[in-house]
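Asker: The structure that follows is given in the form of structure tokens.
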Amino acid sequence: MATKQECTGCKKKISDRLFGTTGYCSACSKMIPAFEMVMRAKSNVYHLECFACQQCNHRFCVGDKFFLCDNKILCEYDYEERMVFANMSYNYNALTQIKRQTQSLSDDLSSGYGSPSPGSL
Numbered sequence: 662m663a664t665k666q667e668c669t670g671c672k673k674k675i676s677d678r679l680f681g682t683t684g685y686c687s688a689c690s691k692m693i694p695a696f697e698m699v700m701r702a703k704s705n706v707y708h709l710e711c712f713a714c715q716q717c718n719h720r721f722c723v724g725d726k727f728f729l730c731d732n733k734i735l736c737e738y739d740y741e742e743r744m745v746f747a748n749m750s751y752n753y754n755a756l757t758q759i760k761r762q763t764q765s766l767s768d769d770l771s772s773g774y775g776s777p778s779p780g781s782l
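Just so it is clear: in the sequence shown, position 116 is 777 by my numbering, and no numbers are missing.
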């Protein structure tokens, strides 16, 4: 049975989830009172409502993966997207190939390639 100092869900001490001292949120830079519940990622501390992907604002649920990248919280999708683009900037040939494929696709669409001819309907 949980005591008054324990969370009924996880059985951890409530004081472990409190900020402990007055400080500032790593996302919004506003003050966090010492008595407020917080979320932590490494040395960063966040208001509960600020603990969201700083790219798309997706709010995390229990069990969601998140990544701390350049001191910003990112969801899995935005982190992977950032890594793909970061790798592309180092690989000029891959970027050039994607540009060519995009241009080819654009040319195909503008020429009507792939759409049924009026006589076949």
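C-beta atoms are modelled at their ideal positions from N, C-alpha and C, and glycine is treated no differently. Owing to the predicted nature of the structure, the values given are computational and were not obtained by experimental measurement.
#1: Using only alpha-carbon positions, find the residue among Gln764, Val706, Glu697 and Phe746 that is nearest to Ser690.
#2: Out of Leu735, Arg743 and Thr682, which one is the CA nearest neighbour of Cys711?
#3: Write down the C-beta distance between Tyr738 and Phe728 rounded to the nearest angstrom, noting that I regard them as a contact closer than 8 Å.
#4: Out of Gln762, Arg761 and Asp731, state which residue places its alpha-carbon closest to the alpha-carbon of Ala747.
#5: Quick check on Asn748 - is its C-beta less than 8 Å from some C-beta in chain C?
#6: Would you call Ile759 buried or exposed, if buried means 16 or more other Cβ atoms sit within 10 Å of its Cβ?
#7: Check Asn748 in the structure and name its three-state DSSP category.
Answerer: According to the structure data:
#1: If we check each option's Cα against that of Ser690, Val706 comes out closest.
#2: Leu735
#3: Incorrect: roughly 10 Å between the Cβ atoms, too far for contact.
#4: Asp731
#5: Although the question refers to chain C, the structure presented lacks it and comprises just one protein chain.
#6: exposed
#7: helix
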